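J.: Each residue of the sequence shown is one higher than the last, beginning at 1 in the UniProt record's numbering. Quick reminder that beta carbons are idealized off the backbone N, C-alpha and C, glycines included. Just so it is clear, the structure is predicted and the values come from calculations on it, not from any experiment. The structure follows.
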Amino acid sequence: MSKKFKELFFVEGNIGSGKSTLLRIIKNYLNIEVVPESVEHWQSISQSKENLLDYFYKDPKRWAYTFQTYAFLTRALEQERSIKSHDRLILERSIYADRYCFAKVCFELGYMSEFEWQLYKEWFEIVESNLITKSSGIIYLKAEPTVSYNRVNKRNRQEESNITLDYIKLIHQSHEMWIEYVKSSNFLPVLTILCDKDFEQDLDYQKHIANDILNFINQNKLEKDFKNNLKENILL
Numbered sequence: 001m002s003k004k005f006k007e008l009f010f011v012e013g014n015i016g017s018g019k020s021t022l023l024r025i026i027k028n029y030l031n032i033e034v035v036p037e038s039v040e041h042w043q044s045i046s047q048s049k050e051n052l053l054d055y056f057y058k059d060p061k062r063w064a065y066t067f068q069t070y071a072f073l074t075r076a077l078e079q080e081r082s083i084k085s086h087d088r089l090i091l092e093r094s095i096y097a098d099r100y101c102f103a104k105v106c107f108e109l110g111y112m113s114e115f116e117w118q119l120y121k122e123w124f125e126i127v128e129s130n131l132i133t134k135s136s137g138i139i140y141l142k143a144e145p146t147v148s149y150n151r152v153n154k155r156n157r158q159e160e161s162n163i164t165l166d167y168i169k170l171i172h173q174s175h176e177m178w179i180e181y182v183k184s185s186n187f188l189p190v191l192t193i194l195c196d197k198d199f200e201q202d203l204d205y206q207k208h209i210a211n212d213i214l215n216f217i218n219q220n221k222l223e224k225d226f227k228n229n230l231k232e233n234i235l236l
């Protein structure tokens, strides 16, 4: 009998690319459980209630290592906790985007020292190797940096008031390089959604996106089922 596998997909993209809007579309049209980023958790740490996200954006050189490490650790914990009660799950961002996009840019900008960067990568490797459920695929929201920047300003989140267009451009470039590597190496299947247009109010485009995502997920399941059945037949 085939063992039922867990399906875990990640919505990736720049700050302000439209990930929260996409999660609502997935929830409304496809009725798939979604898990947003733990932004509220980063804004109020444990009993101290200190805002680590705000600390990072106000003084990135002081707080980059602390925030980036805490962000990917909390993301990994949320992933493992959420997948226990669901067979199919879509999360906002993965620890891979943390590592290959955000933390990498922090190091390149000098916000992390060489020593901190090495520590971060060691922690990442330990956590990644111990994740029980691996990713099934990536849904990548691609938006021009100026579009993302304007959306960040429009939502007017207090902590993001110091974000510059140059920083958004760097995060965009890091995503593009990482996604290209993922696709060229066949590390994971990737669905790219172009989201320069305002799809928050465009119901027709929302339906189009939802249909593309459903086809992407179903195709992934068919391929996994085929591989599992093939493996079982070989072992018979």
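Rounded to whole angstroms, how far is the Cβ of Ile-168 from the Cβ of Ile-15, which I believe are closer than 8 Å?
T.: 6 Å
J.: Please classify Arg-99 as buried or exposed, where buried requires at least 16 neighbouring CB atoms within 10 angstroms.
T.: Answer is buried; the Cβ neighbour count reaches 16.
J.: Rounded to a whole number of angstroms, what is the C-alpha to C-alpha distance between Val-105 and Glu-144?
T.: Straight across, the Cα-Cα distance linking Val-105 with Glu-144 is about 18 Å.
J.: Pull up the distance between the alpha-carbon of Val-152 and that of Glu-160, whole angstroms please.
T.: 7 Å
J.: Please tell me whether Glu-7 and Ser-136 are closer than 8 Å, where the distance is taken between their beta carbons.
T.: yes
J.: Over what stretch of residues does the beta strand (DSSP E) that includes Tyr-140 continue unbroken?
T.: 137-142
J.: Determine, using beta-carbon pairs with one atom in the stretch 10-24 and one in the stretch 74-91, whether at least three such pairs fall under 8 Å.
T.: Yes, the stretch 10-24 touches the stretch 74-91.
J.: With a 10 Å radius around its C-beta and 16 neighbouring C-beta atoms as the bar for buried, classify Leu-230 as buried or exposed.
T.: For Leu-230, the predicted model reports a pLDDT of 36, less than 50, meaning its position is unreliable; a value from the coordinates is still stated below. Result: exposed.
J.: For Arg-99, report the span of its beta strand (DSSP E) as first-last.
T.: First-last for Arg-99: undefined, no H or E at that position.
J.: Buried or exposed: Thr-164, going by 16 or more other Cβ atoms within 10 Å of its Cβ?
T.: exposed
J.: By Cβ distance below 6 Å, which residues in the same chain neighbour Lys-84 in space, the five residues on each side in sequence not counted?
T.: none
J.: Note the first and the last residue of the continuous beta strand (DSSP E) segment covering Phe-9.
T.: 7-13
J.: Hey, could you find the ends of the alpha helix (DSSP H) Glu-180 is sitting in?
T.: 165-184
J.: Between which residues of its own chain and Tyr-111 is the CB-CB distance below 6 Å, once the five residues before and five after are set aside?
T.: Pro-60, Lys-61, Ala-64
J.: Apart from the five residues on each side of it in sequence, which residues of its chain come closer than 6 Å, Cβ to Cβ, to Leu-191?
T.: Ile-139, Phe-216
J.: Using DSSP with H/G/I as helix, E/B as strand and the rest coil, what is Thr-66?
T.: helix
J.: Between the C-alpha atoms of His-172 and Glu-12, what's the straight-line distance to the nearest angstrom?
T.: 11 Å
J.: Indicate whether Leu-52 and Ile-213 have their beta-carbon atoms separated by less than 8 Å.
T.: no
J.: Helix, strand or coil: how does DSSP classify Thr-192 here?
T.: strand
J.: Near Tyr-55, what residues of its chain come up, given a Cβ to Cβ distance below 6 Å and the 5 sequence neighbours on each side ignored?
T.: Trp-63
J.: How would you call Phe-226, buried or exposed, if buried means at least 16 neighbouring beta carbons within 10 angstroms?
T.: For Phe-226, the predicted structure reports a pLDDT of 39, less than 50, and the residue's modelled location is therefore unreliable. A value from the coordinates is still provided. Exposed, because fewer than 16 other Cβ atoms sit within 10 Å of the Cβ of Phe-226.
J.: Taking buried to mean at least 16 other C-beta atoms within 10 Å of its own C-beta, is Gln-47 buried or exposed?
T.: exposed
J.: Assuming contact is defined by CB atoms lying nearer than 8 Å, are Leu-131 and Ala-76 in contact in what I supplied?
T.: Yes, Cβ-Cβ distance for Leu-131 and Ala-76 is below 8 Å.
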